[in-house]
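In my numbering, the protein residues as written are 43 to 424.
Virtual Cβ for every residue (Gly too), placed ideally from N, Cα, C.
Each remark here refers to the structure printed beneath this line.
Take a look at the structure:
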């Protein structure tokens, strides 16, 4: 495969690198950072010239921006769910009114989104949705009641796109609707942070008790089609950017192995080399499928590859440090009882990689049924 960047792409890289160097340092909070990105036109590069307030960029330039962002000292994004998941879904399925209402505030970094998919008792089985939505008497809106779980950044979000069951008695993927729900509804929506192994709380439980939703994307009862379309956007450019971060983490593990003396162990050396080789293979696979390959199993294959790889890297990160990996970077105190260094955080957080975004078991089922044509797995009644 011959994949390279044109001169225009490298000029774009220089612009992106210079801007990030000038603005990424000293960021105080993620919401203001989203506004800074939006004001400079860096949000929504892949949306096309739709007049929604964003600058446009080619596919290779989107890769360049994502790579430079991953290399910079910029903080993790809190607007990526709206930019990379909801926005492409609205462009594909939304009305002109919905695009005009929601895309400009996302491009400006003014409105943050979360994803209301997973539910207790259903796990990665998206068709097991039980959250219900009932039409108001005048038919102008739905009232949503139910619970979502593992909702990333719900504690910061202004809006949530919710998959809800709108046809009583419907089963599995039938009778679902894709709703846009404002989060500022006191007494109607409650967000409870979930404390993770890392001590942080990026995930949340969200309880809906008659929350009002006026906006339907793709039409009532078409939620499954819209939801599947959205999941298809989680590939390509974002995967390549993710791999830049992976490469930096691998470099840190290699350096730790050399410093601790673990690198002289032939078993450890073999594992380090395997991690490097597998990361290169993931990059070429991501480049091969960039922009969509038409292969229905491509997103599932990519998820299986990177999730297991990252989890094994977390295990290596603590292995090469030996007993020192069990000691925190600071003494315990009441004010700060749970402090981790980078390697410990990598080890603990990566335990979730094979679960969130669709567990390994779900990904293998998708490949078995949709690619290999094996008999469908029996599903219980919902």
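| Check | Outcome |
| --- | --- |
| C-alpha gap between residue 229 and residue 284, whole angstroms | 38 Å |
| Strand pairing of residue 213, partner residues [DSSP] | Looking at the DSSP assignment, residue 213 forms no beta bridge with any residue, so it has no partner. |
| Which of helix, strand or coil DSSP assigns to residue 49 | helix |
| Among 399, 384, 272 and 108, nearest to residue 131 - alpha-carbon criterion | 272 |
| Boundaries (first-last residue) of the beta strand (DSSP E) holding residue 184 | 184-190 |
| CA-to-CA distance, residue 189 to residue 233, given in whole angstroms | 10 Å |
| Contact check, residue 175 vs residue 184, beta carbons under 8 Å | yes |
| DSSP three-state assignment for residue 157, whether helix, strand or coil | strand |
| Separation of residue 371 from residue 423, as counted between CA atoms | Low confidence applies here, because residue 423 scores a pLDDT of 47, under 50, leaving its location unreliable; read the following figure in that light. In a straight line, the C-alpha of residue 423 is about 49 Å away from that of residue 371. |
| Given residue 396 as reference, the closest of 282, 250 and 348 once Cα atoms are compared | 348 |
| Completely contained alpha helix (DSSP H) runs for the segment 60-99, where each covers 4 or more residues | 72-81 |
| Those runs of the alpha helix (DSSP H) which lie wholly inside the segment 258-321 and span at least 4 residues | 265-273 and 279-302 |
| Residue 186 burial status per 10 Å Cβ neighbour count (16 or more: buried) | buried |
| Touch test, the segment 390-405 against the segment 348-357, Cβ-Cβ under 8 Å, three pairs minimum | yes |
| Where the alpha helix (DSSP H) containing residue 232 begins and where it ends | Counting along the chain, residue 232 falls outside any alpha helix (DSSP H), though it belongs to the beta strand (DSSP E) covering 231-236. |
| Outcome for residue 324 when other beta-carbon atoms lying within 10 angstroms are tallied against a minimum of 16 | buried |
| Beta bridge counterpart(s) of residue 391 as assigned by DSSP | Paired residues: none, contrary to the question. |
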